[in-house]
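If you want the working numbering, it's the position in the sequence shown, counting the first as 1, plus 4. Note that beta-carbon positions come from the ideal geometry of N, C-alpha and C, so glycine has one too. These numbers were taken from a predicted model, which means no experiment stands behind them. Data block below; observations after.
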Amino acid sequence: MRILSGIQPTGILHIGNYFGMMRPSIALQEAAANETFYFIADYHALTTIDNPETLRANSRRIALDFLACGLDVERGALFRQSDVPEVAELTWILSTVTPKALLERGHSYKDKIARGLPASAGLFNYPVLMAADILIYDSDLVPVGKDQKQHLEMTRDIAVKFNETFGDCFKLPEPQIQAATETVPGIDGQKMSKSYGNTIDIFGDEKEMRKRVMSIVTDSRPVEAAKDPASSTIFQLYSLFASKEETEKMRGAFQRGGTGYGDFKKQLFAKLWEYFEPMRKRREEILRDPDYIDNVLKRGALRANEEAGKVMKRVRVAVGL
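This is the structure:
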């Protein structure tokens, strides 16, 4: 299968990004028959970032962190979205068949407007650009978080509308959402998101990561009281990193009582720090070679442009260009 996924360079990567998109994407490379295209969505980021230096620095850091977490560039392509300019051309072509009513139903657009983002045309048309990202590489499978599921459905709707209008041109991609990690809770109990300021960074320093973990919001139950693991952010996060045996041990400690939330937070921090230790070492190795990231992105862009060119040739013929 050909697998496509992207991540916006809108800030420092956190564990919600890791479990929602990065780890599933990396795991999909294990099958020899899979071909992967992973991109840094810098066009998308323009809806929220208006500082060019910030955008460039964030894009480079996303590439660094993704590679450190285990992305294998020998098995797939990692590239910047903007290094495939035909994506913008396809976005325009797709927008001519996309019903306005479809975009008006977008949950993400409504949510971002409600949180104070400017109601720009770019933000409104975000699903069309996302559809172009997916369709231009003939993608079969798209790993996404639960919040992006609607955008995948929109992509399929747009592809169907185009195919009905101009003849079969696009295959219909399928989403992949891991039920266990579709929503990773932040330190306040809401979905972990940079927008909410409730994240735990993957590669934050030890002091800052400990501080974030120890600030996780809990209820006021005393140390001796039994506690509900199902409603606990601490337990939910711990279960993402721990073994089955470790998870069951913590569950039992929650239910018996006699252990305070502070002790559970310390256990969570220790597990977090241990889990990302090999990735921190790999990140340091990558930083010793100043040309490595640029070379990876350049090779990825060549591969992506090769496939995008094939699809766009087909699209142009279909629409009469």
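For the pair Ala-67 and Leu-306, the CB atoms are not nearer than the 8 Å cut-off. Taking C-beta separations shorter than 6 Å and ignoring five residues to either side along the sequence, the partners of Asp-192 in its chain run Asn-202 and Val-221, following chain order. Asp-205 carries a strand assignment under DSSP once its states are collapsed to helix, strand and coil. Bridge partners of Ala-81 according to DSSP: Phe-41. One Cα belongs to Leu-176, the other to Lys-165, and the distance between them is close to 11 Å. Under a 10 Å Cβ-count criterion, Gln-259 is classified as exposed, with fewer than 16 other Cβ atoms of the shown protein chains found around its own Cβ. Classified as exposed, Glu-34 has fewer than 16 neighbouring CB atoms from the shown chains inside 10 Å of its CB. One thing to note: Arg-216 has its Cβ no nearer than 8 Å to the Cβ of Ile-206.
For Met-316 against Ile-138, the beta-carbon gap comes to about 14 Å, at or over 8 Å, which does not count as contact.
In this structure Gln-152 is not in contact with Gly-110, their Cβ atoms being roughly 11 Å apart against a cut-off of 8 Å. Annotation for Pro-179: no alpha helix (DSSP H) segment contains it, though the beta strand (DSSP E) segment containing it runs 178-180.
Distance from the CA atom of Thr-237 to the CA atom of Asp-172, rounded to whole angstroms, is 47 Å. Leu-145 sits close to Met-5, with the two beta carbons spaced by under 8 Å. In the same chain as Val-132, and ignoring 5 residues on each side of it, the C-beta atoms closer than 6 Å to its own belong to Thr-95, Leu-98, Ser-99 and Thr-102, in chain order.
Between the beta-carbon of Ala-230 and that of Gly-266 there is about 17 Å, and that puts the pair past the 8 Å contact cut. For Val-91, the enclosing alpha helix (DSSP H) has its first and last residue at 90-99. In this structure, the CA atom of Glu-78 is about 23 Å from the CA atom of Pro-13.
Comparing C-alpha distances from Phe-83 to each of Ser-63, Glu-90 and Cys-73 shows the shortest one belongs to Ser-63.
Secondary structure of Arg-6 (DSSP, three-state): strand. The three-state reading of DSSP puts Pro-233 in helix, counting H, G and I together.
In this structure, the CA atom of Leu-121 is about 8 Å from the CA atom of Thr-52. Between Tyr-47 and Ser-9, the gap from beta carbon to beta carbon reaches 8 Å or more.
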